[in-house]
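Peer 1: First the structure, which I've put down as structure tokens, then a few questions once you've had a look.
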Amino acid sequence: MSLIPIPAELLRSHNFIAGQWLGAASGARFGVNDPATGECITYVPDSCAKEARAAVDAAHAAFAGWRKVPAKERSQIIKRWNDLVLARQAELGALILLEQGKPQAEGRGEVAYAASYIEWFAQQATRINGEVIPAPQPGRQMLALREPVGVVAAITPWNFPGAMIARKIAPALAAGCTAVCKPAEDTPLTSLALVALAHEAGVPAGVLNIVTASRQNTPEVVDAWLDDARVRKITFTGSTPVGKHLARRSADTLKKLSLELGGNAPFIVFEDADLDAAVDGLMVAKFRNGGQTCVCPNRVFVHAQVHDAFADKLATRVRALKVGPASNPASTIGPMINARAIEKIERHVADAVLHGATVLVGGRRLASLGPNYFAPTVLLGARAAMECTREETFGPVVPITRFTSEAEVIAAANDTPFGLAAYFYSQDVRRIWRLAHALECGIVGINEGALAAEAAPFGGVKESGYGREGSIHGLDDYLHTKYVCQGQLD
Ligand code: SIN
1 MSLIPIPAEL LRSHNFIAGQ WLGAASGARF GVNDPATGEC ITYVPDSCAK
51 EARAAVDAAH AAFAGWRKVP AKERSQIIKR WNDLVLARQA ELGALILLEQ
101 GKPQAEGRGE VAYAASYIEW FAQQATRING EVIPAPQPGR QMLALREPVG
151 VVAAITPWNF PGAMIARKIA PALAAGCTAV CKPAEDTPLT SLALVALAHE
201 AGVPAGVLNI VTASRQNTPE VVDAWLDDAR VRKITFTGST PVGKHLARRS
251 ADTLKKLSLE LGGNAPFIVF EDADLDAAVD GLMVAKFRNG GQTCVCPNRV
301 FVHAQVHDAF ADKLATRVRA LKVGPASNPA STIGPMINAR AIEKIERHVA
351 DAVLHGATVL VGGRRLASLG PNYFAPTVLL GARAAMECTR EETFGPVVPI
401 TRFTSEAEVI AAANDTPFGL AAYFYSQDVR RIWRLAHALE CGIVGINEGA
451 LAAEAAPFGG VKESGYGREG SIHGLDDYLH TKYVCQGQLD
């Protein structure tokens with residue numbers, strides 16, 4: 001049940017291809033469920049390769065025109081999109097709560113977060129400058145032009161159904177690219193609404209296309225794009241195994257790739273840290289979206305001297321979290337996205353306990369609330385061999401490990417194939433810069449738990465992927481550089 005009625009123009013249940021709302025040719029549809037109750041909200045097309053190719057046909061045909069639209073005009077259209085998104089913040093926020101389940105303030109916050117990327121890239125559209133290169137030979141004019149890569153395929157995750165499509169599509173449009181999108185099967189509705197608003201803002205038919213598909217049909221849709229040489233770039237947020245598949249399968253057509261993949265973020269509390277600030281930072285970083293965020297701390301290392309004091313303070317705060325549906329304004333932790341998510345969390349906690357961890361807070365499902373709720377959990381005595389420290393739990397679980405030396409904790413923090421975010425709390429300026437350099441990751445939070453911002457580059461190293469989103473670097477990924485040399489000028 002939605003908090004406020006979602007008007008028909010925002011509750012879309014068709015693909016959008018070449019400026020038209022269409023079903024799948026087969027007529028197949030799949031249900032989108034409310035994770036709080038498991039009830040079906042609506043049905044959307046279960047697309048296959050035919051719809052995927054039709055979307056590329058439209059984006060390919062529109063590219064020649066869109067790239068020529070003057071940058072200022074592209075910027076104005078994208079800015080109008082931002083204004084419409086902000087004007088519909090309440091309804092879009094309600095849609096996010098309905099299909100994704102995050103608490104009310106976070107749902108509204110995600111709409112503002114999505115809009116911040118749209119506005120940023122609207123501004124950047126007018127600043128895609130090339131270079132005039134001082135020629136090493138006489139009689140030559142040498143230039144480097146910045147050009148759009150072409151058709152972009154965006155594959156977005158369920159944990160931020162509004163912000164992730166905004167952060168991928170706004171720079172694509174700003175650069176002069178056209179796009180095809182496939183939102184996660186759990187949360188396609190916010191993306192469809194954002195595409196409807198982009199169209200209303202004046203994005204021409206064919207420039208932005210979206211197709212929905214069930215978990216079963218998703219590989220067919222995505223493989224159609226991977227195999228299509230007209231698709232020049234893939235941008236994906238999701239798991240590392242899927243990211244590797246995209247990289248392998250797109251090799252034949254050598255597409256540009258931006259892969260924002262899994263993380264396993266360390267959160268380190270040194271003996272000289274401000275413990276209250278560290279607890280605040282961990283609460284923000286860990287429990288945002290119920291722990292279903294790729295930059296959520298997944299391993300918490302606390303120096304032995306402050307371990308017990310930190311654990312006590314943290315336990316008090318975690319016990320005060322209010323688990324419940326988004327329909328209750330007091331809820332601070334919503335349901336997990338689906339049964340698979342809950343099963344993984346349960347498995348990680350059971351494995352930790354089996355291998356010697358103790359449960360300080362939580363540690364169990366909250367079945368009386370609904371099918372997908374898990375109690376915010378703090379585990380003590382976590383070790384490197386446990387599943388919850390080897391892979392992302394993607395849920396409200398904090399495994400704490402005690403450490404005694406800086407060298408030991410740097411080695412432990414880097415002992416993972418992943419490298420997205422890392423956090424640490426310390427007041428020692430020399431240590432701060434040693435750590436900032438030593439941590440193997442794309443994003444570092446120093447005495448800060450909330451890191452993402454539209455003006456900052458977001459992305460990882462190692463098996464957390466490559467490419468950046470947000471900031472000027474997030475625009476580069478949609479452009480290539482063309483060298484132009486004119487001779488005979490003397
Ligand atoms: C993500 O979890 O993929 C994105 C998180 C963020 O934007 O902070």
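With the numbering used here, letter number 301 in the sequence shown gets 301, and the count goes up by one each step, no holes. C-beta atoms are modelled at their ideal positions from N, C-alpha and C, and glycine is treated no differently.
Run the proximity test for residue 264: is its beta-carbon closer than 6 Å to any non-hydrogen atom belonging to the ligand SIN?
Peer 2: Taking the first residue of the sequence shown as 1, we reach residue 264 at position 264. Residue 264 Cβ: outside cutoff for every heavy atom of the ligand SIN.
Peer 1: Taking 7 Å as the threshold (C-beta atoms), are residue 18 and residue 205 in contact?
Peer 2: The count along the sequence shown starts at 1 and reaches residue 205 at position 205. The count along the sequence shown starts at 1 and reaches residue 18 at position 18. In contact: residue 205 and residue 18 (Cβ atoms closer than 7 Å).
Peer 1: Kindly identify the DSSP beta-bridge partner or partners of residue 141.
Peer 2: Position 141 of the sequence shown, counting from 1, holds the residue named residue 141. Per the DSSP secondary-structure output, residue 141 pairs in a beta bridge with 486.
Peer 1: Taking residue 352 as the reference, which of 25, 379 and 77 has the closest Cα?
Peer 2: Here residue 352 refers to the residue found at position 352 of the sequence shown. The alpha carbon of residue 352 has as its nearest neighbour, out of 25, 379 and 77, the alpha carbon of 379.
Peer 1: Assign residue 4 to one of two classes, buried (16 or more other C-beta atoms within 10 Å of its C-beta) or exposed (fewer than that).
Peer 2: The sequence position of residue 4 within the sequence shown is 4, counting from 1. Classification for residue 4: exposed.
Peer 1: Can residue 455 be considered in contact with the ligand SIN, in the sense that its beta carbon sits closer than 6 Å to one or more heavy atoms?
Peer 2: For the purposes of this step, residue 455 is identified with residue 455 of the sequence shown, where counting begins at 1. Because no heavy atom of the ligand SIN lies under 6 Å away, the Cβ of residue 455 does not count as near it: no.
Peer 1: Could you tell me which uninterrupted alpha helix (DSSP H) segments, each at least 4 residues in length, are contained entirely in the segment 328–362, listed from first to last along the chain?
Peer 2: 339–354
Peer 1: Pull up the distance between the alpha-carbon of residue 268 and that of residue 462, whole angstroms please.
Peer 2: As a working note, residue 268 is residue 268 in the sequence shown. As a working note, residue 462 is residue 462 in the sequence shown. Straight-line Cα distance between these residues: approximately 20 Å.
Peer 1: Quick check on the DSSP output: what are the complete alpha helix (DSSP H) runs of length 4 or more inside the segment 383–436, in order along the chain?
Peer 2: 387–390 and 406–414
Peer 1: Could you tell me which residues DSSP puts in a beta bridge with residue 258?
Peer 2: Counted from its first residue, the sequence shown places residue 258 at position 258. In the DSSP output, where bridge partners are listed per residue, residue 258 has 235.
Peer 1: Suppose you measure from the CA of residue 424 to the CA of residue 20; what does that come to, to the nearest Å?
Peer 2: By one-based count along the sequence shown, residue 424 stands at place 424. By one-based count along the sequence shown, residue 20 stands at place 20. Looking at the two C-alpha atoms, the distance is approximately 49 Å.
Peer 1: Would residue 485 be called buried (16 or more neighbouring beta carbons within 10 Å of its own) or exposed?
Peer 2: Your numbering for residue 485 matches position 485 in the sequence shown. With fewer than 16 other Cβ atoms within 10 Å, it is exposed.
Peer 1: Give me the residue from 473, 483 and 488 with the minimum Cα distance to residue 125.
Peer 2: By 1-based counting over the sequence shown, the position of residue 125 is 125. The residue with the shortest Cα to Cα distance from residue 125 is 473.
Peer 1: Mind checking whether residue 192 and residue 12 have CB atoms under 7 Å apart?
Peer 2: Locating residue 192 in the sequence shown gives position 192, where the first residue counts as 1. Locating residue 12 in the sequence shown gives position 12, where the first residue counts as 1. Going by C-beta atoms, residue 192 is nearer than 7 Å to residue 12.
Peer 1: Taking all protein chains shown into account, decide if residue 70 is buried (16 or more other Cβ within 10 angstroms of its Cβ) or exposed.
Peer 2: On the sequence shown, position 70 is the one that residue 70 refers to. That one is exposed.
Peer 1: Does the Cβ of residue 237 lie closer than 6 Å to at least one heavy atom of the ligand SIN?
Peer 2: The residue labelled residue 237 in the question sits at position 237 within the sequence shown. Residue 237 Cβ: within cutoff of the ligand SIN.
Peer 1: List the DSSP bridge partners of residue 181.
Peer 2: Looking up residue 181 in the sequence shown gives position 181. According to DSSP, residue 181 bridges with 154 and 210.
Peer 1: Quick one: does the C-beta of residue 461 sit closer than 6 Å to a heavy atom of the ligand SIN?
Peer 2: By 1-based counting over the sequence shown, the position of residue 461 is 461. Every heavy atom of the ligand SIN is 6 Å or more from the Cβ of residue 461, so no.
Peer 1: What's the call for residue 88, buried or exposed, on a 16-neighbour Cβ count within 10 Å?
Peer 2: In the sequence shown, the residue the question calls residue 88 occupies position 88. The residue is buried, with at least 16 neighbouring Cβ atoms inside 10 Å.
Peer 1: Using the Cβ count rule (16 or more neighbours within 10 Å means buried), how would you classify residue 120?
Peer 2: Here residue 120 is taken as the residue at index 120 of the sequence shown, counted from 1. Using a 10 angstroms sphere on the CB of residue 120, the tally of other CB atoms reaches 16 or more, which defines it as buried.
Peer 1: So does residue 452 have its beta carbon nearer than 6 Å to some heavy atom of the ligand SIN?
Peer 2: By 1-based counting over the sequence shown, the position of residue 452 is 452. Yes, the ligand SIN has a heavy atom inside 6 Å of this Cβ.
Peer 1: Take the Cβ of residue 385 as the centre, count every other Cβ of all protein chains shown within 10 Å, and call the residue buried at 16 or more, exposed below.
Peer 2: By 1-based counting over the sequence shown, the position of residue 385 is 385. Exposed is the call here.
Peer 1: Consult DSSP for residue 299 and reduce its assignment to one of helix, strand or coil.
Peer 2: Working through the sequence shown from its first residue, we reach residue 299 at position 299. Residue state, collapsed to three classes: strand.
Peer 1: Report yes if the CB atom of residue 162 is closer than 7 Å to the CB atom of residue 334, and no otherwise.
Peer 2: To locate residue 162, count along the sequence shown from 1; it is residue 162. To locate residue 334, count along the sequence shown from 1; it is residue 334. The answer is no: Cβ separation not under 7 Å.
Peer 1: Can you tell me the Cβ-Cβ gap for residue 357 and residue 399, rounded? I've got them flagged as a contact below 8 Å.
Peer 2: The count along the sequence shown starts at 1 and reaches residue 357 at position 357. The count along the sequence shown starts at 1 and reaches residue 399 at position 399. Between the beta-carbon of residue 357 and that of residue 399 there is about 7 Å, and that keeps the pair under the 8 Å contact cut.
Peer 1: Looking only at its own chain, which residues have a Cβ that is under 6 Å from the Cβ of residue 230, when we skip the five neighbours before and after it?
Peer 2: Here residue 230 is taken as the residue at index 230 of the sequence shown, counted from 1. Residues 56, 60 and 151 of the same chain have their beta carbon placed closer than 6 Å to that of residue 230, with the five preceding and five following residues left out of the count.
Peer 1: At the level of alpha carbons, what is the spacing between residue 67 and residue 147?
Peer 2: In the sequence shown, counting from the first residue as 1, residue 67 sits at position 67. In the sequence shown, counting from the first residue as 1, residue 147 sits at position 147. Rounded to whole angstroms, the separation of the alpha carbons of residue 147 and residue 67 is 8 Å.
Peer 1: Please state whether DSSP places residue 110 in a helix, a strand or coil.
Peer 2: Taking the sequence shown and counting its residues from 1, the one referred to as residue 110 is at position 110. Residue 110 falls in the helix class under three-state DSSP.
Peer 1: Taking 6 Å as the cut-off, does the CB of residue 294 come closer than this to any heavy atom belonging to the ligand SIN?
Peer 2: What you label residue 294 is simply residue 294 of the sequence shown in a count that begins at 1. Residue 294: yes, Cβ under 6 Å from the ligand SIN.
Peer 1: So, at 7 Å on beta carbons, what are the nonlocal neighbours of residue 97 in its own chain, with the 5 sequence-adjacent residues on each side left out?
Peer 2: To locate residue 97, count along the sequence shown from 1; it is residue 97. Excluding positions up to five away in sequence, the list reads 3, 104, 107 and 326.
Peer 1: Compare the beta carbon distance of residue 533 and residue 293 with 7 Å and say whether it is the shorter of the two.
Peer 2: In the structure as shown, the chain begins at 1 and stops at 490. Residue 533 is therefore absent and cannot be evaluated.
Peer 1: Just verifying my parser: in three-state terms, what is the DSSP assignment at residue 365?
Peer 2: Numbered from 1 along the sequence shown, position 365 holds the residue referred to as residue 365. Residue 365: strand per DSSP, three-state reduction.
Peer 1: By Cβ distance below 7 Å, which residues in the same chain neighbour residue 165 in space, the five residues on each side in sequence not counted?
Peer 2: As a first step, residue 165 must be located in the sequence shown, where it is residue number 165. For residue 165, where only same-chain residues beyond five positions count, the Cβ hits under 7 Å are 154, 156, 181, 183, 191 and 194.
Peer 1: Compare the beta carbon distance of residue 401 and residue 345 with 7 Å and say whether it is the shorter of the two.
Peer 2: Here residue 401 corresponds to residue number 401 of the sequence shown, with the count starting at 1. Here residue 345 corresponds to residue number 345 of the sequence shown, with the count starting at 1. Cβ distance not < 7 Å, so residue 401 and residue 345 don't count as in contact.
Peer 1: What does residue 465 pair with, by DSSP beta-bridge criteria?
Peer 2: Working through the sequence shown from its first residue, we reach residue 465 at position 465. 260, per the DSSP bridge assignment.
Peer 1: What is the rounded straight-line gap between the Cα of residue 308 and the Cα of residue 404?
Peer 2: One-based indexing of the sequence shown puts residue 308 at position 308. One-based indexing of the sequence shown puts residue 404 at position 404. Roughly 13 Å separates the two Cα atoms.
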